[in-house]
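Residue numbers (our numbering): 187 to 500.
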């Protein structure tokens, strides 16, 4: 069947450029609607008309896919970062992480929560009432050096309030002076009860710390000797008070035996481990956690994601 190319172009322009309905085009050109439909299909087949879909999320979608494939993640969520401040990055990550949590949290979940600025943003962005019957567990001890709103106690309480439940709090410091002191704390019945729940948690949410711009270091969360020891062991970051190197190997320092928190070994057994962290300065810390398999869901920003993938190639 021969087609009039001029007519085909005319129909295509009226439909795609002028946005006229097919029936109106048919009346205007005195042809049937069937002919209009046929001419449009042929125009596309003969590449007279080329449909290009411009996806504004293409960059972040590609980064998400590369992270998921490269590190065998259950999910990667990347927010666009075009010159955002640290607070803006945290806010955007908090919004997306909160949205994702609402998708996956179900009745009878046992949820572990850590501390930090980005975790705080996640809690802030959750609705005030969530109709799920869950248990909330604080998975790291407290630090008086942290601001109230970033502390593990406060975050666990505010997180629990969203579900109208009282969280199980860990009434102990995050780091103590020596292993003997830690052992004494773990003999306490209330603390032992929290630790018993660590092996039952099926979802944990936490931030990723870095020695480069760690707010906890500035607030004397760790001593100068601890910091020097971590640097000597080539530490790049920490999750829930557990430190590691660029390959995810636990840091060989006394901190491990002095920290009151869920362990990296326990963390790896949790079905959903959600890390919320962003900023280029945290790329190495996030990469170490990914390589160590401490994370299976990552919510980050595009600049951090690009840097992670770039470093991982080296």
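Here a beta-carbon is modelled for each residue, glycine too, at the ideal position from N, C-alpha and C. Quick caveat: nothing in here was measured; it's all calculated off a predicted structure.
Among residues of its own chain, excluding the 5 on either side of residue i, which ones have a beta-carbon nearer than 8 Å to its beta-carbon?
i: residue 318; result: 291, 292, 293, 295 and 349
i: residue 408; result: 361, 402, 416 and 441
Hey, how far is the Cα of residue i from the Cα of residue j?
i: residue 261; j: residue 190; result: 51 Å
i: residue 497; j: residue 263; result: 19 Å
i: residue 417; j: residue 316; result: 42 Å
i: residue 279; j: residue 462; result: 7 Å
i: residue 302; j: residue 397; result: 14 Å
i: residue 209; j: residue 234; result: 21 Å
i: residue 426; j: residue 314; result: 25 Å
i: residue 257; j: residue 299; result: 23 Å
i: residue 187; j: residue 225; result: Note on residue 187: pLDDT 46, under 50, position unreliable in the model; the coordinate value appears next. Between residue 187 and residue 225, the C-alpha separation is close to 11 Å.
i: residue 265; j: residue 468; result: 15 Å
i: residue 444; j: residue 239; result: 55 Å
i: residue 229; j: residue 450; result: 59 Å
i: residue 351; j: residue 376; result: 18 Å
i: residue 271; j: residue 285; result: 21 Å
i: residue 369; j: residue 363; result: 11 Å
i: residue 385; j: residue 345; result: 20 Å
i: residue 436; j: residue 477; result: 11 Å
i: residue 245; j: residue 371; result: 48 Å
i: residue 214; j: residue 204; result: 13 Å
i: residue 311; j: residue 227; result: 47 Å
i: residue 471; j: residue 499; result: 16 Å
i: residue 429; j: residue 231; result: 58 Å
i: residue 410; j: residue 247; result: 41 Å
i: residue 367; j: residue 424; result: 22 Å
i: residue 365; j: residue 339; result: 23 Å
i: residue 495; j: residue 448; result: 28 Å
i: residue 216; j: residue 193; result: 12 Å
From the DSSP secondary-structure annotation, give me the bridge partner or partners of residue i.
i: residue 461; result: 392 and 484
i: residue 261; result: 483
i: residue 425; result: 428
i: residue 507; result: With the chain running from 187 to 500 in the structure shown, residue 507 is simply not present.
i: residue 298; result: 323 and 390
i: residue 328; result: 359
i: residue 207; result: Bridge partners of residue 207: none, in fact.
i: residue 313; result: Paired residue(s): none; residue 313 is not in a bridge.
Go ahead and pull the three-state DSSP assignment for residue i.
i: residue 400; result: Any answer about residue 400 is weak, because its pLDDT of 49 lies below 50 and its placement is not dependable; what the coordinates show is given next. Coil at residue 400, not helix or strand.
i: residue 354; result: strand
Sorted by chain position, which residues of the same chain lie with C-beta nearer than 6 Å to residue i's C-beta, five sequence neighbours on each side aside?
i: residue 414; result: none
i: residue 356; result: 324, 327 and 380
i: residue 485; result: 263, 279, 282, 283 and 462
i: residue 493; result: 466 and 469
i: residue 200; result: 206 and 211
i: residue 320; result: 295, 297 and 349
i: residue 219; result: 208, 209 and 212
i: residue 456; result: 387 and 390
Round the Cβ separation of residue i and residue j to the nearest angstrom and send it over; I've been treating them as touching at under 8 Å.
i: residue 387; j: residue 297; result: 7 Å
i: residue 337; j: residue 359; result: Actually they are not in contact, since the Cβ atoms of residue 337 and residue 359 sit about 11 Å apart, beyond 8 Å.
i: residue 392; j: residue 305; result: 6 Å
i: residue 275; j: residue 464; result: 4 Å
i: residue 421; j: residue 431; result: 6 Å
i: residue 395; j: residue 433; result: Contact doesn't hold; Cβ gap of about 17 Å is too wide.
i: residue 267; j: residue 488; result: 5 Å
Closer than 7 Å by C-beta to residue i: which residues in its own chain qualify, once you throw out the five before and the five after it? Chain order, please.
i: residue 195; result: 234
i: residue 277; result: 307
i: residue 341; result: 299, 301, 305, 306 and 309
i: residue 383; result: 296, 323 and 354
i: residue 491; result: 249, 253 and 264
i: residue 459; result: 390, 453, 480, 481, 482 and 483
i: residue 222; result: 197, 208, 211 and 212
i: residue 167; result: Outside the shown range of the chain (187 to 500) lies residue 167, about which nothing can therefore be said.
i: residue 373; result: none
Residue i: beta carbon under 7 Å from a heavy atom of the ligand NAP?
i: residue 423; result: Inclusion of the ligand NAP in the displayed structure is not the case, the ligand content being empty and no account of it being possible.
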